[in-house]
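Notes follow once the structure below has been shown.
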Amino acid sequence: MTAVAHRRSPSSRRRGYRGIARPVGIVVLGLGVAILLCSIVGFVLDLVHPARPGQEGGGFALLIASVITGLFGLALYLWGRDHRSAHVSRREATLAVAAIWAAAGIFGALPFVIGAGMSPIDALFESVSGLTTTGATVITDIEGSMSRPLLLWRSLIQWLGGMGIVVLFVAVFPNVGVGGKHMFRGEVPGAAAEGLRPRIAETSFTLWKLYAAFTAILAIVLYALDMDPFEAVCHAFTTMSTGGFSTRDASIAAFESPAIEYTVAIFMFIGTVNYGLYYGALRTGSFRAITNNAEFRAFVFICALAIVVLTFGNMGTHDFDVLKSFRFAFFTVGTTISSTGFGVDDYMAYPEPVLAALIIVMFIGGCAGSTAGGIKIERILLMTKQAGAQINRFFRPNVVRVVRLGRRPVPPEVVADVAAFFIVYMLTLGLGIMLFSLVEAVPLPTAFGAMLTCLSNMGPAPFHLEADNFAAYGGFAKLFSIFAMLLGRLEFFTLLSLLVPEFWKH
Amino acid sequence: MQIIVIGLGEVGRHLLSVFDREGHNVIAIDADSERVIHAEEHYDVATMVGYGASHSILSAAGVEEADMLVAVTNADEVNLIAALAAKQLGAKMVIARAQGNEWANWTQGVRYGLLGIDVVINPRVLVAHELAKVARSHGAGHVIGFAQDRLELVEMELTERSRHTGRPLAKVPLPRQTLIAAVVRKEKLFIPGGTDVLLPGDRIYVLGLPQAIIEAEDLFVNRREAKRVVIVGGGVVGEALANHLLENRATVMIIEKDRTRAEELSAKLDRATVIHGDGTDLSLLEEEDISTYDLFAAVTPHDEVNLMAALLAQRIEVPRTACVVQRGDYMEIYRKLGIDIALSPRAVASDHILRYARTAEIHSLSVIENGQAEVVEVAAVRGCRLIGTPLKRLDLPRGSLIGGIIRGDEVIIPRGDDVVQFGDTVIVLATAAARPTIELFFRPRGK
Numbered sequence: 001m002t003a004v005a006h007r008r009s010p011s012s013r014r015r016g017y018r019g020i021a022r023p024v025g026i027v028v029l030g031l032g033v034a035i036l037l038c039s040i041v042g043f044v045l046d047l048v049h050p051a052r053p054g055q056e057g058g059g060f061a062l063l064i065a066s067v068i069t070g071l072f073g074l075a076l077y078l079w080g081r082d083h084r085s086a087h088v089s090r091r092e093a094t095l096a097v098a099a100i101w102a103a104a105g106i107f108g109a110l111p112f113v114i115g116a117g118m119s120p121i122d123a124l125f126e127s128v129s130g131l132t133t134t135g136a137t138v139i140t141d142i143e144g145s146m147s148r149p150l151l152l153w154r155s156l157i158q159w160l161g162g163m164g165i166v167v168l169f170v171a172v173f174p175n176v177g178v179g180g181k182h183m184f185r186g187e188v189p190g191a192a193a194e195g196l197r198p199r200i201a202e203t204s205f206t207l208w209k210l211y212a213a214f215t216a217i218l219a220i221v222l223y224a225l226d227m228d229p230f231e232a233v234c235h236a237f238t239t240m241s242t243g244g245f246s247t248r249d250a251s252i253a254a255f256e257s258p259a260i261e262y263t264v265a266i267f268m269f270i271g272t273v274n275y276g277l278y279y280g281a282l283r284t285g286s287f288r289a290i291t292n293n294a295e296f297r298a299f300v301f302i303c304a305l306a307i308v309v310l311t312f313g314n315m316g317t318h319d320f321d322v323l324k325s326f327r328f329a330f331f332t333v334g335t336t337i338s339s340t341g342f343g344v345d346d347y348m349a350y351p352e353p354v355l356a357a358l359i360i361v362m363f364i365g366g367c368a369g370s371t372a373g374g375i376k377i378e379r380i381l382l383m384t385k386q387a388g389a390q391i392n393r394f395f396r397p398n399v400v401r402v403v404r405l406g407r408r409p410v411p412p413e414v415v416a417d418v419a420a421f422f423i424v425y426m427l428t429l430g431l432g433i434m435l436f437s438l439v440e441a442v443p444l445p446t447a448f449g450a451m452l453t454c455l456s457n458m459g460p461a462p463f464h465l466e467a468d469n470f471a472a473y474g475g476f477a478k479l480f481s482i483f484a485m486l487l488g489r490l491e492f493f494t495l496l497s498l499l500v501p502e503f504w505k506h
Numbered sequence: 001m002q003i004i005v006i007g008l009g010e011v012g013r014h015l016l017s018v019f020d021r022e023g024h025n026v027i028a029i030d031a032d033s034e035r036v037i038h039a040e041e042h043y044d045v046a047t048m049v050g051y052g053a054s055h056s057i058l059s060a061a062g063v064e065e066a067d068m069l070v071a072v073t074n075a076d077e078v079n080l081i082a083a084l085a086a087k088q089l090g091a092k093m094v095i096a097r098a099q100g101n102e103w104a105n106w107t108q109g110v111r112y113g114l115l116g117i118d119v120v121i122n123p124r125v126l127v128a129h130e131l132a133k134v135a136r137s138h139g140a141g142h143v144i145g146f147a148q149d150r151l152e153l154v155e156m157e158l159t160e161r162s163r164h165t166g167r168p169l170a171k172v173p174l175p176r177q178t179l180i181a182a183v184v185r186k187e188k189l190f191i192p193g194g195t196d197v198l199l200p201g202d203r204i205y206v207l208g209l210p211q212a213i214i215e216a217e218d219l220f221v222n223r224r225e226a227k228r229v230v231i232v233g234g235g236v237v238g239e240a241l242a243n244h245l246l247e248n249r250a251t252v253m254i255i256e257k258d259r260t261r262a263e264e265l266s267a268k269l270d271r272a273t274v275i276h277g278d279g280t281d282l283s284l285l286e287e288e289d290i291s292t293y294d295l296f297a298a299v300t301p302h303d304e305v306n307l308m309a310a311l312l313a314q315r316i317e318v319p320r321t322a323c324v325v326q327r328g329d330y331m332e333i334y335r336k337l338g339i340d341i342a343l344s345p346r347a348v349a350s351d352h353i354l355r356y357a358r359t360a361e362i363h364s365l366s367v368i369e370n371g372q373a374e375v376v377e378v379a380a381v382r383g384c385r386l387i388g389t390p391l392k393r394l395d396l397p398r399g400s401l402i403g404g405i406i407r408g409d410e411v412i413i414p415r416g417d418d419v420v421q422f423g424d425t426v427i428v429l430a431t432a433a434a435r436p437t438i439e440l441f442f443r444p445r446g447k
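Chain order of the listed sequences is A and B.
Note that the working numbering numbers the first sequence so that position 208 is 208, with each residue one more than the last.
Note that the working numbering numbers the second sequence so that position 323 is 323, with each residue one more than the last.
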């Protein structure tokens, strides 16, 4: 009868910590089920499909891991079950997202510890690298040391992390209300992916449906191109999530098939585009929704430019064969801009200016609202335009220039937000390079490459030493890289707000 | 339902909170980005910044697929144009709020089909209508009508002087055709059973037939129908209230500050006494012998004036005081200060609009006590669990109550042995916790 605004009960703060146990518990329980599925697939595969040497068995190890994970999840869920708050604040949601990612990282590592006897830190690195779709690895012999269910798990966590575990949670448990929206934002910052559907649960569900559909199509196409069905599924998972884990040591190059390379490259490009645009195209039945988008146009422009640079810049390394050079350029630009990290080519052999171009692409990353990492094209566009406006204002102080994206004017707060993001990104990168070279005594470019690959969730590290993986680094460097990958995936603010003292004060 | 809300003032926000809770798909539009950000932060809705009546904004919001569009900005013209445009673009139902009375003659607070808009509501006139109902009651603070006012839910506050406090409800000689639907104690609402005891300070909701309700009011609060009413403020609310009261043959005195407006009123309402003066002027109130009146209603657009005038009237010992409140969040304070009736046009408007956001079976929906409970009118559809079993064996969830059965012209206040039949309309009160479970009873089996 009365229009009194929502009142918070005084106990909602105390409930905060225990209140997040429920969502975290559900996610951990879900991970347990996912591990169980991998284990079952392992058992079935052993019956019907002979394994390559070194990849037999593994089902039991995952079964154990799944039981442990499931029990932990159940306990957490039961502990927090009666502590659901009616109104989930931004703060609680931020905490929940951070806790979900921490828990997913830890329990995602369990199969690696039990199944492959990896050290806890190595397993955590592998797990977080998967969930954040980075794709950097500490495993030196993938083909020889990993069982099939474990390989599947390694691909599956990448797939789950690609569109986002929190987004999946919000999609499957729709009754989280506005708290779901806050959680969604904690995992997918920026407004781009929102607004597909009025309610956040439906938005999340739509995103996952599109994502799953693309993945299924890719798996079928890869299978049709003579890839082993098990490997087709694994690569579909890691391609659509733009993650980059492969079941082979030599990555996609191991298949020696240009058709597979082109297919994977095309789907990596698809995964780099804002999923909201696909939904718009489906809804309106016209590709205009995609092609009219300013960010998409910039994306196409950047890709085209990079492909041209790589094709002609690398003629020398590819026997002056334009087609061959184009094929490698197409794939390499796709894997870099989407931050997937599959390899077909040794980019360290590229001429320096071409390598520089590739590193710039690595910085930029994909479109907002996609599974790709990096700074994101939308932010780059906004900042470039803002910089242009500032330069104009320098010699014509009275000129009025509103920054626009497409036809839509961008509010100054959003521009400020993007500028803050950029500063934080650069500071973290700089600090990271310093710390990395402090603990690892590697050349500065190597430290730069390692940090950049973690922050942009890319995978391969430019300027790496002997092997392109993290196996040789010490525990501290690995832990530090784990944090950097999480920072990059959650786009800084969610995790950094946990480091602000005021967050914990009331 | 797909709902578009234009204008995110108090009414708009309140609508968003209820629509969000009910699980509707809502797109909220306002020209002020601050308000849009507020909505974005607090409700699970999509938002847009822009002029709500513009074609491009409406199309972008998907108006052609919208089941309902509600235009509640502060500008009547924007609301009307937005509603008209939406109707033409294919929205199923459009509702606009109007606040002025210059362009239409408002005798009712709600107009259907005016200018081709499904529902146009004038909250000020609606508030006057509610106030008139309260004036006719014997001490209710709020009256909600159901089934074309054939059934009423009234709220009253028990005091130290109220009879029948301190004894079990089963022993209270309630008139037939009424029941105590809910008790609010310390801001918490519950549905009482026969062993519960009423205490002074409780507020109770009584459901029943209008004539029987009056008897029930006499049981607890025992005040007279307001036959002599002072109205402070001769605006839209004041004029509409005076009209209602005069129809009921009450004596009405209007105090209006503006001379021209006072003269205008005097010309329009020839049976009312119109005084030119300030309602917060103590000497004027004493001079006009306010204490001989039954009800003092302060209905100017200014909250401070209304509150001050009502407090003065309370000091002069007018039996009942009523205030119109613009800011809904201040409602509690008015009750604490001893103002008997506080009504907000915005709350009344949003409550009214909510009645139209319903599924096929639900005829209307009223929210009470800030959403602690809802009263819904539902049709008993074929095959639903309500039908055919005596109510006492239905195993209804705790916190829910079947308060009335409407069967053709007959209105039944049910007891445990009554049975709902196909074609009946049922009035159900349910707390927020019981709502999901009770809904299962309305749906056809197997769905």
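Backbone N, C-alpha and C define an ideal beta-carbon position, used for all residues, glycine too.
- Between A/LEU74 and A/GLU187, the alpha-carbon positions lie close to 23 Å from each other.
- For A/LEU62, the closest of A/THR340, A/ALA219, A/LEU110 and A/ARG288 by C-alpha to C-alpha distance is A/LEU110.
- Closest option to B/ARG407, judged by alpha-carbon separation, among B/LEU153, B/VAL378 and B/GLU256: B/VAL378.
- Secondary structure note for A/CYS303: its alpha helix (DSSP H) is the uninterrupted segment 294-313.
- For the stretch 21-55 of chain B, residues whose beta-carbon sits nearer than 7 Å to a beta-carbon of chain A comprise ASN25, VAL26, ILE27, SER33, HIS42, TYR43, ASP44, VAL45 and ALA46.
- Its Cα nearest to that of B/GLU439, the residue B/GLY399 stands out among B/GLY399, B/PRO414 and B/THR47.
- When DSSP states are grouped into helix, strand and coil, B/ALA342 belongs to the strand group.
- Within the stretch 404-441 of chain A, the runs of alpha helix (DSSP H) at least 4 residues long that lie entirely inside it are, in chain order, 412-440.
- Nearest CB-CB separation between A/GLY164 and chain B: not below the 8 Å threshold.
- Within chain B, no C-beta atom comes less than 7 Å from the C-beta of A/LYS209; the nearest is roughly 17 Å away.
- For A/LYS181, the chain B residues whose Cβ falls inside 7 Å of its Cβ are ASP44, in order along the chain.
- The Cβ of A/ARG22 sits no closer than 8 Å to any Cβ of chain B.
- Within the DSSP secondary-structure output, B/ASP30 pairs in a beta bridge with B/VAL49.
- Using a Cβ-Cβ cut-off of 8 Å, A/PRO198 counts as an interface residue toward chain B, since at least one Cβ of chain B sits closer than that to its own.
- A/LEU427 sits exposed, since fewer than 16 C-beta atoms from the chains shown fall within 10 Å of its C-beta.
- By the criterion of a C-beta distance shorter than 8 Å, B/GLY416 is surrounded in its chain by PRO390, LEU391 and LYS392, once the five residues flanking it on both sides are discounted.
- Under the three-state reduction of DSSP output, B/CYS323 falls in the strand class.
- When rounded, the separation of the alpha-carbon atoms in B/ASN74 and B/ALA373 is 29 Å.
- Per DSSP, the continuous beta strand (DSSP E) segment holding B/HIS276 begins and ends at 273-276.
- For B/TYR293, there is no enclosing alpha helix (DSSP H), since its DSSP letter is neither H nor E.
- Distance from the CA atom of A/MET268 to the CA atom of A/THR242, rounded to whole angstroms, is 6 Å.
- Ranked by Cα distance from B/PHE146, the options B/ALA272, B/HIS352, B/ALA298 and B/PHE441 are led by B/HIS352.
- The three-state reading of DSSP puts B/HIS142 in strand, counting E and B together.
- The C-alpha of B/ALA216 lies about 16 Å from the C-alpha of B/ARG150.
- Within 9 Å of the CB of A/GLY177, the CB atoms of chain B belong to ASP20, ARG21, TYR43 and ASP44, in sequence order along the chain.
- Proximity of A/PRO411 to chain B, defined by a Cβ-Cβ separation below 8 Å, is satisfied.
- With a contact defined as Cβ atoms closer than 8 Å, A/ALA21 and A/HIS83 qualify at about 7 Å.
- Taking 8 Å as the upper bound for CB-CB distance, B/ILE254 and B/VAL237 are not in contact here, some 11 Å apart.
- Here the stretch 161-170 of chain A does not lie against the stretch 11-25 of chain B, with fewer than 3 beta-carbon pairs under 8 Å apart.
- For B/ILE214, the uninterrupted alpha helix (DSSP H) segment begins and ends at 210-220.
- The beta-carbon distance between A/ILE106 and A/ALA65, rounded to whole angstroms, is 12 Å. This is too long to meet the 8 Å contact definition.
- A straight line joining the alpha-carbon of B/LEU199 with that of A/ARG90 spans about 40 Å.
- The Cβ neighbour count for A/TRP159, taken over all protein chains shown within 10 Å, is at least 16; the residue is labelled buried.
- Non-local beta-carbon contacts of A/VAL41 in its own chain, meaning distances under 7 Å to residues more than five positions away in sequence, involve PRO149 and LEU152 in chain order.
- For B/LEU401, the enclosing beta strand (DSSP E) has its first and last residue at 400-407.
- Taking C-alpha positions only, A/MET362 is separated from A/PHE483 by approximately 19 Å.
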